[in-house]
Amino acid sequence: RGTNGTSNGVFRVLASADVALPLAQWSEIATNSFDANGNFDCTNAIALADAKKFFRLATGGQLAPPLVGPAFTLQPTNFTAIVGQPATFYSAASGTAPLSYQWFFNTNSSLSGGTSSNYTIAAVTTNDAGTYAVRVTNSVGSIVSTQATLTVLVPPSLTTQPTNFTVLAGQNAAFYAAASGSAPLSYQWFFNTNTALAGATGASLTLTNAQVTNAGSYSLRVTNLAGSVTSAFASLTVNGPPTITTQPQNQTVTVSNNATFAVIAAGTAPLSYRWYFNTNTPLANATNASLTITNATTNNAGGYLVIVTNNFGSVTSVVATLTVNAISSNTPNFGLFGFGQATTGGGVIPETDPAYVKVYTPLDLANAIVSANKTAGSVKVIEIMTNLNLGWNEIGTNVQNLGSTPFREPSNLPLLHPGLLSAGFTLCDIKPKSGLTIFSANGSAIRHCNFNIKSCNNIIVRNLKFDENWEWDEATKGNYDRNDYDFITIANGGSVTNVWIDHCTFTKSYDGIVDQKAGTVNVTFSWNKYVGDDGATNTNSWVRQQINALETNKSAYAFYNFLRTHGYGVEDIVQIIQAHDKTHLAGANSLDADNATLAMTFHHQLVLGVWDRCMPRLRAGNVHNYNLYVDDSNVLAARRLRDAIAATLSSGDQNTLNNTYSFNPPINGSISTEGGAVLVEKSVYSDCLWPLRNNQTDVTDPTYTGKIMALDSIYHFDNADSTTIDYRGGSTNAPGSTYFGPLQATVIPFSWNLPGNQLPYAYSMDDPSQLQAILNANAGAGTLTWAKTNW
129 RGTNGTSNGV FRVLASADVA LPLAQWSEIA TNSFDANGNF DCTNAIALAD
179 AKKFFRLATG GQLAPPLVGP AFTLQPTNFT AIVGQPATFY SAASGTAPLS
229 YQWFFNTNSS LSGGTSSNYT IAAVTTNDAG TYAVRVTNSV GSIVSTQATL
279 TVLVPPSLTT QPTNFTVLAG QNAAFYAAAS GSAPLSYQWF FNTNTALAGA
329 TGASLTLTNA QVTNAGSYSL RVTNLAGSVT SAFASLTVNG PPTITTQPQN
379 QTVTVSNNAT FAVIAAGTAP LSYRWYFNTN TPLANATNAS LTITNATTNN
429 AGGYLVIVTN NFGSVTSVVA TLTVNAISSN TPNFGLFGFG QATTGGGVIP
479 ETDPAYVKVY TPLDLANAIV SANKTAGSVK VIEIMTNLNL GWNEIGTNVQ
529 NLGSTPFREP SNLPLLHPGL LSAGFTLCDI KPKSGLTIFS ANGSAIRHCN
579 FNIKSCNNII VRNLKFDENW EWDEATKGNY DRNDYDFITI ANGGSVTNVW
629 IDHCTFTKSY DGIVDQKAGT VNVTFSWNKY VGDDGATNTN SWVRQQINAL
679 ETNKSAYAFY NFLRTHGYGV EDIVQIIQAH DKTHLAGANS LDADNATLAM
729 TFHHQLVLGV WDRCMPRLRA GNVHNYNLYV DDSNVLAARR LRDAIAATLS
779 SGDQNTLNNT YSFNPPINGS ISTEGGAVLV EKSVYSDCLW PLRNNQTDVT
829 DPTYTGKIMA LDSIYHFDNA DSTTIDYRGG STNAPGSTYF GPLQATVIPF
879 SWNLPGNQLP YAYSMDDPSQ LQAILNANAG AGTLTWAKTN W
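Counting in my numbering, the final residue of the sequence shown is number 919, and the numbers go up one at a time with none missing.
Printed below as a string of structure tokens:
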């Protein structure tokens with residue numbers, strides 16, 4: 129107790145057993161303040177350890193802060209989680225440190241590990257649903273938070289699946305299901321996978337007065353806040369008379385062309401069909417869902433209907449009219465038909481449009497394609513103004529190093545042809561963001577390059593000559609399997625739809641002319657010309673350049689040297705290899721599920737000598753060929769020359785020639801395999817050994833057999849004894865029963881792999897007897913002189 133202190137000033141009570149110690153070393157045992165008059169009166173409990181010590185008063189400084197109890201600055205809040213998801217409750221508190229935390233579940237159950245300001249459950253279960261609170265404690269006291277509720281949602285699951293149901297037409301049908309999961313549950317029934325049924329929002333579905341149109345698959349989707357689940361399909365079978373879902377449509381054709389009517393009916397199987405002409409005349413053998421009138425005349429014009437019958441009744445279609453027009457003598461129609469009919473390319477735009485680009489150099493072409501590949505609509509039309517040599521060494525570093533250049537070298541570089549060794553070879557990736565037309569008004573050539581069309585839609589390539597992509601094959605002994613050099617590849621690196629390749633000329637390439645990978649949909653080839661080594665009579669033709677180079681060092685090339693030392697002269701070899709080998713492959717890999725979408729039309733094609741795969745070799749999918757003119761006379765002569773020289777060899781040398789090396793033109797025409805469908809109409813195959821084939825893998829396994837049929841086509845063959853075979857007609861369901869075969873597996877009756885078993889487009893055809901003159905005058909690059917807008 130004392131006076132004379134500072135008014136309201138702070139003092140401290142210090143203690144020390146050694147009075148001589150400096151003030152800084154004395155222990156503080158209490159603090160207090162003087163009153164307003166400077167007096168003090170302080171009573172403090174003395175700890176036993178402070179007995180027998182000296183005490184003194186020190187003035188100045190501040191009082192220690194008062195102790196503060198805990199208080200919440202953030203309360204935990206309610207939380208909702210789906211089973212398996214994490215959940216976290218958050219809190220925050222103030223007060224004198226240290227603060228300790230303890231979380232509780234449902235009021236009084238302390239949670240192990242719940243000793244921080246936040247509490248996390250890594251994967252909630254239904255057992256975690258409830259209330260959560262946290263108690264915060266310090267030296268002053270404790271406080272408990274408000275309770276936060278964890279709601280755990282359970283996704284729906286089907287406890288009872290709907291089951292199949294069969295009724296008679298007019299009866300009611302009902303499907304039932306049961307589901308568990310967090311409420312509320314909502315229900316939606318679907319018909320045939322993706323059609324939501326209006327008002328069908330309960331756990332059961334009742335169909336009153338069911339009809340055959342109600343037959344199909346039904347499923348239920350159950351949804352809550354945690355997700356959804358879809359039931360198994362339940363089938364409804366409605367036994368009753370048939371109904372027609374798609375009526376036959378009117379048709380207009382030109383005399384000698386075919387017309388097809390088709391109907392799609394629903395109802396209890398089996399369904400039978402009977403077609404009638406002009407109401408009451410039943411047509412012989414017209415008992416399918418489709419009716420084809422081949423080689424139509426004006427006598428076939430009239431009305432056609434079909435009656436569909438099953439065990440429960442029948443239904444009659446509308447009358448569809450066939451109009452048959454006389455043959456016109458006008459110029460051929462060079463418009464777009466077939467599976468690629470929706471292709472528009474870049475459209476018809478004026479040359480002054482910024483999106484119309486004229487190309488004179490490889491750099492011009494590279495810049496145009498880069499722009500088209502990057503920005504939709506920036507380039508719509510590319511006009512090739514002159515011949516372009518596009519080998520890797522020819523395009524130069526400006527193109528090679530161009531940002532996003534479309535050109536790249538192949539993994540396998542040229543090996544033998546002096547022209548390709550000098551020029552190099554490129555792949556040009558064409559993947560525009562929108563429709564693109566690439567054409568030449570004058571039939572310019574593209575050389576030493578493979579146009580690789582990928583990951584795009586709506587491409588037109590017209591009036592170009594593709595040239596000089598071939599070299600001799602020592603690496604795979606004449607099988608041409610090393611270099612994947614096509615003139616054009618479609619869908620090698622991304623699906624492609626809607627392509628039109630028209631009025632192009634193709635010479636001789638190492639691999640395919642145009643190969644289509646799985647993912648190629650809706651392509652039309654029209655008015656193209658296939659010529660092989662078109663300069664074979666020229667001593668400097670592309671093939672002769674190669675042979676001349678091999679001649680300089682024959683012994684270095686085992687395959688070539690075998691031929692040259694076993695009776696084959698230079699002129700013999702040039703003649704035998706003049707034609708192209710592999711023409712069109714549709715479907716890169718055998719039994720690839722994506723091959724089923726392949727769809728292409730080949731019409732008005734002039735084929736002057738190919739060894740194999742003429743329009744095309746198909747693996748699944750659909751191909752329509754009409755008005756093809758295939759002239760293999762030069763290939764047949766080459767094969768006979770090859771065989772004549774081979775006949776002079778010993779049996780051992782013949783075995784080497786036949787089994788070690790590939791040097792024998794197979795002369796195959798159109799090939800369908802692996803369930804594909806190829807229809808050939810009004811076409812000509814001349815001197816082709818096997819115009820139609822249906823298997824090239826294992827004739828005993830129908831998995832590898834395709835469907836192929838010829839209608840009203842011409843087969844001509846020049847026998848070795850100077851007699852000829854001339855036949856006009858089609859194929860049958862018996863292998864080899866006509867000149868069209870097909871060869872060589874058991875025939876699968878033809879049908880399209882298409883909805884309604886019919887083509888999705890109309891078309892007209894020329895009489896096959898006129899094709900040679902028509903195509904010689906009009907097929908290929910540079911044959912037509914007309915306005916650019918026509919291209």
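No residue lacks a Cβ here, since even glycine has one placed at the ideal position from N, Cα and C.
Query: Would you decide whether residue 486 is buried or exposed? Buried here means 16 or more other CB atoms lie within 10 Å of its CB.; Result: exposed
Query: Rounded to whole angstroms, what's the CA-CA distance from residue 213 to residue 348? Just pull it up for me.; Result: 26 angstroms
Query: Hey, residue 752 and residue 729: beta-carbon distance below 7 angstroms or not?; Result: yes
Query: May I ask which residues mark the beginning and end of the alpha helix (DSSP H) holding residue 763?; Result: 761-774
Query: Apply the 10 Å Cβ neighbour rule to residue 870 and answer buried if 16 or more other Cβ atoms are within range, or exposed otherwise.; Result: buried
Query: Does the Cβ of residue 877 have 16 or more other Cβ atoms within 10 Å, making it buried, or fewer, making it exposed?; Result: exposed
Query: So who's on the other strand from residue 940, going by DSSP bridges?; Result: The requested residue 940 is not part of the displayed model; the chain covers only 129 to 919.
Query: Using the C-alpha atoms, what's the distance from residue 313 back to residue 351?; Result: 6 angstroms
Query: Less than 7 angstroms separating the beta-carbons of residue 305 and residue 359?; Result: yes
Query: What residue from 452, 310, 327 and 311 has the CA that sits closest to residue 317's CA?; Result: 327
Query: What are the boundary residues of the beta strand (DSSP E) that residue 699 is part of?; Result: Looking at the DSSP string, residue 699 is not in any beta strand (DSSP E); the run it does join, the alpha helix (DSSP H), is 698-704.
Query: Pick out the complete beta strand (DSSP E) segments inside the region 710-767, 3 residues or longer, and give them in chain order.; Result: 727-735, 738-740, 745-747 and 750-759
Query: So is residue 202 buried or exposed if we call it buried at 16+ other beta carbons inside 10 Å?; Result: exposed
Query: For residue 308 versus residue 329, is the C-beta spacing smaller than 7 angstroms?; Result: no
Query: Out of 253, 262 and 226, which one is the CA nearest neighbour of residue 239?; Result: 262
Query: Assuming residue 716 contacts residue 636 under a Cβ cut-off of 8 angstroms, what Cβ separation, rounded to an integer in Å, is found between them?; Result: The Cβ separation is near 21 angstroms, so there is no contact.
Query: Beta-carbon separation of residue 292 and residue 362 under 7 angstroms?; Result: yes
Query: Going by beta-carbon coordinates alone, are residue 822 and residue 836 separated by less than 7 angstroms?; Result: yes
Query: Starting from residue 616, follow its DSSP beta bridges and name the residues at the other end.; Result: 579 and 642
Query: Please check the pair residue 662 and residue 639, which I expect to be a contact at CB under 8 angstroms, by giving their CB distance rounded to whole angstroms.; Result: About 18 angstroms; that fails the 8 angstroms criterion.
Query: Out of 368, 417, 186 and 225, which has the shortest C-alpha to C-alpha gap to residue 295?; Result: 368
Query: When the Cα of residue 204 is compared with those of 839, 217, 700 and 743, which residue comes out closest?; Result: 217
Query: Alpha carbons only, please: which of 620, 590, 647 and 611 is nearest the one belonging to residue 628?; Result: 590
Query: If we count the other Cβ atoms within 10 Å of its Cβ and call it buried at 16 or more, is residue 702 buried or exposed?; Result: buried
Query: Looking at the structure shown, is residue 153 part of a helix, part of a strand, or coil, going by DSSP?; Result: helix
Query: Classify residue 809: buried if its beta carbon has 16 or more other beta carbons within 10 angstroms, exposed otherwise.; Result: buried
Query: Which residue's Cα is closest to the Cα of residue 518: 594, 833, 812 and 846?; Result: 594
Query: Excluding sequence positions up to five away, which residues of its chain have a Cβ less than 8 angstroms from the Cβ of residue 483?; Result: 474, 477, 505, 506, 507, 508 and 509
Query: Please report the distance separating the alpha-carbon of residue 819 from that of residue 834.; Result: 14 angstroms
Query: Check whether the region 606-626 touches the region 669-684, counting contact only when three or more Cβ pairs, one atom from each stretch, lie closer than 8 angstroms.; Result: no
Query: Please list the segments of the beta strand (DSSP E) lying wholly inside the region 251-313, counting only runs of 3 or more residues, in order along the chain.; Result: 258-265, 270-272, 276-281, 285-288, 293-296, 301-304 and 306-308
Query: For residue 423, would you say it is in contact with chain C, using Cβ-to-Cβ distances shorter than 7 angstroms as the test?; Result: This model lacks chain C altogether, as it is built from one protein chain only.
Query: What does the Cβ neighbour count give for residue 802, buried or exposed, with the cut at 16 atoms within 10 Å?; Result: buried
Query: How about residue 815 and residue 845: are their beta carbons less than 7 angstroms apart?; Result: yes
Query: Determine the contact status of residue 883 and residue 841, defining contact as a CB-CB distance below 7 angstroms.; Result: no
Query: Please name the residue in 354, 270 and 890 whose C-alpha comes closest to that of residue 254.; Result: 354
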